[in-house]
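What follows is a single structure, written as structure tokens, with notes after it.
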């Protein structure tokens with residue numbers, strides 16, 4: 322069932338950029354190294370410099386304090402595979418066809434910035450989690466001849482392991498693998514490395530916070546949860562894993578310092594989306610898509626700056642291409658934020674960068690619509706300084722998945738169990754409805770007064786003009802970007818196959834059902 326992911330990159334690069342490429346020696350002269358560090362499921366407000374009260378992240382904070390902190394960074398689509406696809410391709414999620422969905426089968430049409438940089442003379446590597454989850458064939462990606470595994474985020478360096486302090490944490494020694502990569506880097510090449518921790522993705526060792534003697538009174542409980550020991554304990558366990566991510570950052574910085582590479586390395590620290598809790602991960606609310614983002618670049622970036630320009634994950638690839646001096650392909654529709662990095666002051670550098678677009682289609686299986694199986698929950702959103710506007714195109718569908726299949730677009734957790742076990746007569750039932758209930762066609766939230774997105778103003782006459790104006794802007798910009806969902810062809814997102822065919826056959830009790838053949842019958846092969 323697999324589809325080829327990549328055709329020859331050398332041939333593709335020559336088509337996209339022309340045949341002339343610098344030699345390794347030419348490419349390395351005067352160009353910075355690139356270290357991209359990304360957590361798996363860490364919320365913005367879990368980071369010290371963003372105001373966390375119960376998570377300590379001194380190494381992330383160091384990058385922000387010695388560089389620039391972005392106040393308005395967003396992930397475009399709040400789930401692992403689609404968010405990471407936008408990072409790597411420089412395209413908005415709805416421009417990525419099957420890669421707008423979670424767990425897709427990737428086609429061979431997308432090119433990824435690490436391998437474009439490799440063609441431009443960079444030494445490329447990856448440790449931990451790169452692009453995924455999904456199905457791809459990396460046989461023709463890049464040009465490594467040593468048999469090393471390959472991911473769209475780079476060549477894999479994962480030989481080093483270490484015993485983590487708690488169950489649920491990966492044994493990957495991220496910093497040590499980065500050190501191995503640096504030791505094997507040719508002296509005449511700059512490097513591009515992706516360090517992707519698998520933390521704080523679930524599962525966690527239950528009550529690990531008790532072993533560390535953590536004080537639950539310091540935990541901040543969002544307004545969309547009841548405040549009780551179960552929720553606070555779950556958040557405290559999560560905090561330990563965020564700090565494990567931060568420890569990996571510290572190890573990577575140490576390797577750079579020991580080798581004299583710190584000052585000539587662009588270091589970016591972020592997370593793919595918010596924490597793996599109900600109403601956060603995978604959902605179009607601020608805590609799901611508003612992510613931490615800090616950049617350090619030696620003397621190039623004035624330290625301690627705070628930038629309020631809006632940036633989004635599709636902007637990363639064109640930014641790195643510009644930094645490296647490698648032409649960006651037409652594929653990349655994001656906008657470089659290099660001017661924001663190099664500016665002298667804080668605040669809004671470019672007045673036009675005053676909003677961002679977000680969206681989602683199918684994240685997980687377990688949602689049906691009549692005879693249709695594994696359908697999407699299509700939504701788009703516009704976020705600006707004052708408001709968040711969300712358009713839910715299929716409000717008849719369950720946003721987190723059908724109840725009978727266990728709300729599969731939400732990871733299992735003590736918090737999920739507490740909320741889903743509430744009954745209608747319970748005083749806390751409203752929290753279940755906020756997390757798992759059906760949603761209206763439109764949502765509008767005042768981001769200054771209601772940052773947790775609890776009070777929907779969409780039906781309030783006082784905000785009718787704001788709602789209409791934001792929808793008009795959102796629709797116009799999506800049409801300009803060619804989004805099938807607003808051009809009348811959005812049902813194709815329902816049909817793009819989730820690669821876990823066996824799992825879906827068992828889930829629905831349909832051993833004869835095959836989304837790959839159904840897609841090919843309706844849309845043809847190679848789409």
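Residue numbers (my numbering): 322 to 848.
Even glycine gets a Cβ: it sits at the ideal position worked out from N, Cα and C.
Being a predicted model, the structure only gives us computed values, none of them experimental.
Per the DSSP secondary-structure output, residue 356 pairs in a beta bridge with 514 and 588.
Secondary-structure assignment with DSSP links residue 705 through a beta bridge to 676. Distance from the CA of residue 367 to the CA of residue 784, rounded to the nearest whole angstrom, comes to 31 angstroms. When DSSP assignments are scanned along the stretch 421-505, the uninterrupted stretches of alpha helix (DSSP H) that are 4 or more residues long and fall wholly within it turn out to be 434-440 and 495-505.
Bridge partners of residue 838 according to DSSP: none are assigned. Going by beta carbons, residue 511 and residue 405 fall outside the 8 angstroms limit. Contact between the stretch 540-560 and the stretch 368-376 is present, with at least three C-beta pairs closer than 8 angstroms. Within 10 angstroms of the beta-carbon of residue 681 lie 16 or more other beta-carbons, which makes it buried.
Beta-carbon to beta-carbon, residue 472 and residue 437 are separated by about 15 angstroms, too far to satisfy the 8 angstroms threshold. Closest in C-alpha terms to residue 567, from the list 494, 741, 663 and 777, comes 494. Closest in alpha carbon position to residue 370, among 627, 781 and 774, is 627. For residue 562, the secondary structure class from DSSP, reduced to helix, strand or coil, is helix. Non-local C-beta neighbours of residue 530 in its own chain, meaning closer than 7 angstroms and more than five positions away in sequence, comprise 554, 557, 558 and 561, ordered along the chain.
Bridge partners of residue 390 according to DSSP: 615 and 627. Of the candidates 439, 392 and 676, the residue whose Cα lies closest to the Cα of residue 795 is 676. Counting along the chain, the unbroken beta strand (DSSP E) around residue 767 starts and ends at 763-767.
Residue pairing from DSSP places residue 712 in a beta bridge opposite 701 and 763. Only residues of its own chain outside the window of five on either side were considered, and among them 352 have a CB closer than 7 angstroms to the CB of residue 646, listed in chain order. Burial check for residue 745: the Cβ neighbour count within 10 Å stays below 16, so the residue is exposed. Straight through space, the alpha carbons of residue 535 and residue 516 are spaced by roughly 28 angstroms. Annotation for residue 424: 402, 454, 455, 819, 820 and 821 place their beta carbon closer than 7 angstroms to its own, counting only its chain and skipping 5 residues before and after. A distance below 8 angstroms separates the beta carbons of residue 434 and residue 411.
In the three-state reduction of the DSSP assignment, residue 395 falls in the strand class.
By the CB criterion at 8 angstroms, residue 416 and residue 654 fall inside the cutoff. Secondary structure note for residue 378: it is in no alpha helix (DSSP H), with a DSSP letter that is neither H nor E. Spanning the alpha carbons of residue 604 and residue 715 requires a straight line of approximately 15 angstroms. Inter-segment contact for the stretch 726-746 and the stretch 760-774 is absent: fewer than three beta-carbon pairs are separated by less than 8 angstroms. Straight through space, the alpha carbons of residue 356 and residue 514 are spaced by roughly 5 angstroms.
DSSP places residue 655 in the coil class of the three-state scheme, outside both helix and strand. Going by beta carbons, residue 755 and residue 523 fall outside the 8 angstroms limit. In the DSSP assignment, residue 788 is bridged to no other residue. Rounded to the nearest angstrom, the gap between the Cα atoms of residue 648 and residue 747 is 59 angstroms.
Counting along the chain, residue 638 sits inside the alpha helix (DSSP H) bounded by residues 637-645. Here the stretch 384-400 makes contact with the stretch 576-593; the two share three or more CB pairs at distances below 8 angstroms. The alpha carbon of residue 666 has as its nearest neighbour, out of 379, 390, 381 and 360, the alpha carbon of 390. About 4 angstroms separates the beta carbons of residue 399 and residue 609, which is inside the 8 angstroms limit, making them a contact pair.
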